[in-house]
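Enquirer: Let me give you the structure first, and then I'll get to my questions.
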Amino acid sequence: MNEKSIIKVKNLTKMFNKFTAVDNVSFDVKKGEIFGLLGPNGAGKSTILRMLSTLARPTSGTAQIGGYDVIKNDNDVRKLIGIVSEKMIMYNRLTAKENLLFFGNLFNIPKNVLAKKVDDLLELVQLTKFKNSQVGTFSTGMQQRMNVVRALLNTPQVLYLDEPTLGLDPQSSVEIREFIKKLNRENGTTVIVTTHMMVDADLMCDRIAIIDHGKIVALDTSANLKKQLSGTKTTIIKLEIVNLNPEIVETIQTLKCADSVTQEDSTHLKILVHGEEAFDSIIDAIRSKKGKITSIENLQPTLEDVFLHLTGHQVRDSTNQKMPVDTHRGPFARPKARIR
Ligand SMILES: Nc1ncnc2c1ncn2[C@@H]1O[C@H](COP(=O)(O)OP(=O)(O)O)[C@@H](O)[C@H]1O
Ligand SMILES: [Mg+2]
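Take the sequence shown: its position 12, counted from the start at 1, is 21 in this note's numbering, and no numbers get skipped.
Pasting the structure below:
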């Protein structure tokens, strides 16, 4: 094990009755790293974070944060961590500043220290201008920044963020990602972030563990994960086809050489293929269904392709970041991710 690891997870398993939600997971996180847990809904990401936060007890295996065991030294662990969970409570009628002072008092932070801390944190997330506005009037992106700030009140060495961009519009997602990176860079905070969004993992994380059905199926930097795929016999091609019809897609899907077929728009197909006969078979299939190929492009693998290759299915961003927030469930409720 690496001496510089601040988080050491070994054979961590969580069972709910007979169902294994987290299956023998091991990984280390280095001090100052942004570490991503990437996987579809139900993969076990939140359960891993809950165990690392002392909120759920592992069925077996161990996890240490800063040398403290999550079961034996749970109080010490809690002092080191900050949690931004999927659901967060804040008081809509209180202002940004009042909320933070309230939660800071729960941590027993001395009054004068807390006042400065709150001012600094509001400045950090560029909400100083709104410090005396009620949180209920904030946009979803601003509220999410408040959620993150709330988790930073006790100056944690390790910050856990569970799906921080879920339900945010693209611009707010960019802001949150940039803010997490800034925090990591300037304060040296170690971060574990869960996401089902490829773009989050790709743009934010130093290393990514791809999780599927409770297991880590790959763990590396984004660049290395993509390189691994280039090293296999799998090729990704993009075809432009005149008269692209559902029959063409269905026929290609039945071919052994095609690992996956994605229709990108009315004229483009993206296909993961393998084998020497692949091109011939695909061209024959398209022609047999009256399609005409107007261009073929060889694509560099994306993280989505890596995921597809490793798991055999796609992480569907069906919430698409554009889904409106369900206000009936309160301003902090965010839509659940789904895979199709
Ligand atoms: N308290 C619980 N009781 C029973 N099953 C649970 C509980 N929490 C999570 N699960 C199940 O464990 C699996 C992993 O859940 P979760 O960790 O929330 O996944 P993710 O965060 O990756 O979407 C899911 O199938 C979920 O239904
Ligand atoms: Mg989750």
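By construction, the Cβ of each residue, glycine as well, lies at the ideal position given by its N, Cα and C atoms.
1. Tell me whether S371 sits in a helix, a strand or coil according to DSSP, three-state version.
2. Using the beta-carbon of each residue, find all residues closer than 6 Å to any heavy atom of ligand 1 and list them in chain order.
3. Following the continuous alpha helix (DSSP H) through A124, name the residue where it begins and the one where it ends.
4. What does the alpha-carbon distance come out to for the pair M155 and L64?
5. Alpha carbon to alpha carbon, what distance is there between G76 and I57?
6. I need the straight-line Cα distance from L253 to K279, nearest angstrom please.
7. Taking all protein chains shown into account, do 16 or more other C-beta atoms lie within 10 angstroms of the C-beta of Q73, making it buried, or fewer, making it exposed?
8. Mind checking K126: buried by the 16 CB within 10 Å criterion, or exposed?
9. Give, in chain order, every unbroken run of the alpha helix (DSSP H) that is at least 4 residues long and sits entirely within the region 192-239.
10. Could you check if E310 is buried or exposed, using at least 16 other CB atoms within 10 Å of its CB as the buried criterion?
11. Under the three-state reduction of DSSP, which class applies to N84: helix, strand or coil?
12. Nearest by alpha-carbon distance to N141: which of S14, E285, D178 and L110 is it?
13. Quick one: grab the DSSP three-state call for T328.
14. Do you know offhand how far D326's Cα is from H205's?
15. Are the CB atoms of L218 and L228 nearer to each other than 7 Å?
16. Can you give the Cα-Cα distance for K191 and V200, rounded to whole angstroms?
17. Would you give the residue range spanned by the beta strand (DSSP E) that Q272 belongs to?
18. On the criterion of 16 or more Cβ atoms from any shown chain inside 10 Å, does S304 qualify as buried, or is it exposed?
19. Mind checking who L170 pairs with in its DSSP beta bridge?
20. Note down, in chain order, each residue of its chain lying with its Cβ closer than 7 Å to the Cβ of S94, except the 5 sequence neighbours on either side.
21. Just reading off the beta strand (DSSP E) that A72 is part of, what are its end residues?
22. Does the region 133-140 come close enough to the region 88-107 to have 3 or more Cβ pairs within less than 8 Å?
23. Sort out for me which residues DSSP pairs H277 with in a bridge.
24. Quick one: using the 10 Å Cβ neighbour count with 16 as the cut-off for buried, is S69 buried or exposed?
25. Rounded to whole angstroms, what's the CA-CA distance from L131 to T149? Just pull it up for me.
26. If you drop the 5 nearest sequence neighbours on each side, which residues of the same chain put their C-beta closer than 7 Å to that of K23?
27. Which residues in the same chain have their Cβ closer than 8 Å to the Cβ of V315, if we skip the five residues on either side of it in sequence?
28. Please tell me whether L245 and L308 are closer than 7 Å, where the distance is taken between their beta carbons.
29. Can you find the residues in the same chain that come closer than 6 Å, C-beta to C-beta, to R216, ignoring five residues on each side of it along the sequence?
30. Shortest alpha-carbon distance to L232 belongs to which of D211, H222, K247 and L168?
31. Going by DSSP in three states, D178 sits in which element: helix, strand or coil?
Expert: So, from the data block:
1. Not covered by the structure: residue 371. The range shown for the chain is 10 to 349.
2. This criterion selects F25, A30, G48, N50, G51, A52, G53, K54, S55 and T56.
3. A124 -> alpha helix (DSSP H) spans K120 to L133.
4. Each residue's alpha carbon lies about 22 Å from the other.
5. Going by the C-alpha atoms only, they are around 18 Å apart.
6. Distance between the alpha carbons of L253 and K279: 12 Å.
7. Here Q73 is buried, its C-beta having at least 16 other C-beta atoms within 10 Å.
8. The residue in question, K126, is buried, as its Cβ has 16 or more Cβ neighbours within 10 Å.
9. Counting only runs of 4 or more, we get 207-213.
10. Glu is not the amino acid found at residue 310; the sequence shown has Pro there. So P310 counts as buried.
11. Three-state result, N84: helix.
12. Answer by Cα proximity: L110.
13. Unreliable placement is indicated for T328, whose pLDDT of 36 sits below 50; no coordinate value is reported for it.
14. Low per-residue confidence applies at D326: pLDDT is 41, beneath 50, and the placement is therefore not dependable, though the value from the model is reported in the following sentence. Using only the alpha carbons, I get a separation of about 7 Å.
15. Inspection of the sequence shows that residue 218 is occupied by Ala rather than by Leu. Their beta carbons are under 7 Å apart, which means A218 touches L228 by this criterion.
16. The straight-line gap from Cα to Cα measures roughly 11 Å.
17. Start and end: A267 to Q272.
18. Only exposed fits S304, as fewer than 16 other CB atoms lie within 10 angstroms of its CB.
19. In the DSSP secondary-structure assignment, L170 is bridged to V93 and V202.
20. So the list reads D171, once near-sequence residues are dropped.
21. Annotation for A72: the continuous beta strand (DSSP E) segment containing it runs S69 to I74.
22. They touch, by the three-pair rule.
23. Partner(s): E249.
24. Taking all protein chains in view, the Cβ of S69 is surrounded by fewer than 16 other Cβ atoms within 10 Å, so the residue is classified as exposed.
25. Cα to Cα, the separation comes out at about 16 Å.
26. Cβ neighbours of K23 beyond the five flanking positions: A30, V31, T56, M60, A65, P67 and T68.
27. Sequence-distant Cβ neighbours of V315 in its own chain, meaning closer than 8 Å and more than five residues away, are I219, A227, L234, K235, Q237 and L238.
28. Per the sequence shown, residue 245 should be read as Ile rather than Leu. If you check the CB distance, I245 and L308 come in under 7 Å.
29. For R216, where only same-chain residues beyond five positions count, the Cβ hits under 6 Å are F44 and T230.
30. The residue asked about is misnamed: residue 232 is Ala in this sequence, not Leu. Out of D211, H222, K247 and L168, D211 has the C-alpha closest to the C-alpha of A232.
31. It is coil, neither helix nor strand.
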